[in-house]
Amino acid sequence: QLLRAYSDLSPVVRNLVVMVKLWAKASGVSGAATGNLSTYSLTLMALYLLQVDTSTNMPTLDVSLFKGDGPVPKQAKQKWECSQMLSHLLFRFFWFYSGKFQ
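Below, the structure written as structure tokens:
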């Protein structure tokens with residue numbers, strides 16, 4: 002439910018997550034079974050970037066609204082627009098996690 006709610010905020014969310022996962026797979030750095038980051042971890046990393054990056058300021062959803070299954074609760078549906086291009090967000094992802102994140 003929570004991941005669905007974030008992807009419902011804007012197509013940018015889903016697109017960034019997909020791009021990060023594709024990069025990780027192509028680079029051989031994904032796959033928890035082989036000691037790498039899981040796709041779930043990569044998803045959380047992308048969401049966190051969108052939340053803390055001052056150019057995007059994606060809202061943080063209240064996790065207490067989610068029960069784990071079923072549709073996204075009405076109270077969790079929010080309006081959010083991201084004016085950044087996907088290529089810029091992907092660049093910010095690499096920039097953020099290669100040095101700024103500590």
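Each number in my numbering corresponds to the 1-based position in the sequence shown with 1 added.
For each residue, glycine too, the CB sits at the ideal point set by N, CA and C.
Alpha carbon of W24 to alpha carbon of Y41, nearest angstrom: Position 23 of the sequence shown, counting from 1, holds the residue named residue 24. Position 40 of the sequence shown, counting from 1, holds the residue named residue 41. Their Cα atoms are separated by approximately 14 Å.
Identify the continuous alpha helix (DSSP H) that holds F92 and give its terminal residues. The residue labelled residue 92 in the question sits at position 91 within the sequence shown. Its alpha helix (DSSP H) spans residues L87 to W96.
Would DSSP call L45 helix, strand or coil? For the purposes of this step, residue 45 is identified with residue 44 of the sequence shown, where counting begins at 1. Three-state DSSP puts L45 in a helix.
Just the Cα atoms here: how many angstroms apart are S56 and E82? Walking along the sequence shown from the start, residue 56 turns up at place 55. Walking along the sequence shown from the start, residue 82 turns up at place 81. Cα-Cα distance, rounded: 11 Å.
Which of the three DSSP states, helix, strand or coil, is assigned to S11? In the sequence shown, counting from the first residue as 1, residue 11 sits at position 10. S11 falls in the coil class under three-state DSSP.
Quick test of your reading: A77 and L62, contact by CB under 8 Å. State the CB separation rounded to the nearest angstrom. As a working mapping, residue 77 is identified with position 76 in the sequence shown. As a working mapping, residue 62 is identified with position 61 in the sequence shown. The pair is a contact, with the Cβ atoms about 5 Å apart (cut-off 8 Å).
What does the alpha-carbon distance come out to for the pair Q97 and K80? Taking the first residue of the sequence shown as position 1, residue 97 is located at position 96. Taking the first residue of the sequence shown as position 1, residue 80 is located at position 79. According to the sequence displayed, residue 97 carries Phe and not Gln. When rounded, the distance between both Cα atoms is 25 Å.
Just to confirm my understanding: we take L17, look at its own chain, exclude 5 residues before and 5 after, and list those with CB closer than 6 Å. What are they? Residue mapping note: residue 17 aligns to position 16 of the sequence shown, counting from 1. The residues are A47 and L90.
Inter-residue Cα distance where the pair is V19 and Q85: In the sequence shown, the residue the question calls residue 19 occupies position 18. In the sequence shown, the residue the question calls residue 85 occupies position 84. Approximately 16 Å between the Cα atoms of the pair.
Checking the sheet assignment: what are the DSSP bridge partners for S31? Position 30 of the sequence shown, counted from the start, is the residue given in the question as residue 31. BP columns for S31 point to L38.
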